[in-house]
DNA sequence: TCAGATACATTGGTTTCTTATGTATCCTTA
DNA sequence: TAAGGATACATAAGAAACCAATGTATCTGA
């Protein structure tokens, strides 16, 4: 089972930030594979979604980059900046809060009014 | 605190279906107020988002409608059709599953590879 | 040698929501 | 009795975020 794409919308940035917070530095392809692996294939981040997101994070000063050569192939590592670390905390706690709210909403059985 | 709008994306249809499953029939304005109330103002569904969603659900045959007059004012009630009830179960369990996956992702502390 | 994996990236299109606007009725209060 | 706020429907234009497709290039194992 793969989640319908609407569900992923809005959580991608938070997922990426959280992964970077836990792993110091990661490169794009690695992020797609890690997410796929951690979610047992239920979330598959496409490159068309990931790269624009990473570039946006960089433009916002939330991540810094460094390129490395593996043989002749370029690899671009992303790391959280100080403001990126703060932003990660914000986004993660907002998402955690949102999850609690959604769990509550999904369990509603009767009218309250 | 109001959740950033990206977070709501993709969950609106599921929220509406779930509310209808629990309340037999509801009208648009009532849905906006109920969600606001149940989430302590953290989720505020705008009419510009809700009505197109309701119309789409109707076009997909997931809900049926009946109009009622309160004085001279029209009120349009929405109810789940049989296929809407099935769809609700699907969407709710998908979202519940997604929530578990997200909780897991947010708690990751170390690399697994 | 050739398919599949690794690794970057962009473009065009769709979906979904936001903001703004429009119409109309009902109720409360100054 | 007039006005503001709540109730109640609806649409339209635009933005945001993602998907699908495509492109380039390198590396690896059978």
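Chains as they are written, first to last, in the working numbering: chain G, 1 to 113; chain V, 1 to 113.
Yeah, the Cβ is synthetic: ideal placement off N, Cα and C, and Gly gets one too.
Asked	Found
Taking 7 angstroms as the threshold (beta carbon to beta carbon), is residue 92/G in contact with chain V?	yes
Using alpha carbons as the reference points, say which of 89/G, 46/G and 40/G lies closest to residue 28/G.	46/G
Is the beta carbon of residue 65/G sitting closer than 7 angstroms to the one on residue 78/G?	yes
Is the CB-CB distance between residue 53/V and residue 13/V below 7 angstroms?	yes
In angstroms, rounded to a whole number, what distance separates the CA positions of residue 95/G and residue 72/G?	40 angstroms
So residue 46/G is in the alpha helix (DSSP H); what residue range does that whole segment cover?	Counting along the chain, residue 46/G falls outside any alpha helix (DSSP H), and DSSP gives it neither H nor E.
Below 8 angstroms on C-beta distance, what does residue 87/V contact in chain G?	Under the 8 angstroms cutoff, chain G gives no residues; its nearest Cβ is about 12 angstroms from residue 87/V.
What's the gap between the Cα of residue 93/V and the Cα of residue 70/G?	43 angstroms
Express the C-alpha separation of residue 17/V and residue 48/V in angstroms, rounding to a whole number.	17 angstroms
Assign residue 67/G to buried or exposed, taking buried as 16 or more other Cβ atoms, counted over all protein chains shown, within 10 Å of its Cβ.	exposed
Note down, in chain order, all residues in the segment 57-88 of chain V with a beta-carbon under 7 angstroms from any beta-carbon belonging to chain G.	none
Run down chain G in chain order and give the residues with a C-beta less than 8 angstroms from the C-beta of residue 95/V.	7, 102 and 106
Quick one: is residue 61/V buried, meaning 16 or more other Cβ sit within 10 Å of its Cβ, or exposed?	exposed
Residue 98/G and residue 7/V: beta carbons closer than 7 angstroms?	yes
Roughly how many whole angstroms lie between the Cα atoms of residue 90/V and residue 74/G?	43 angstroms
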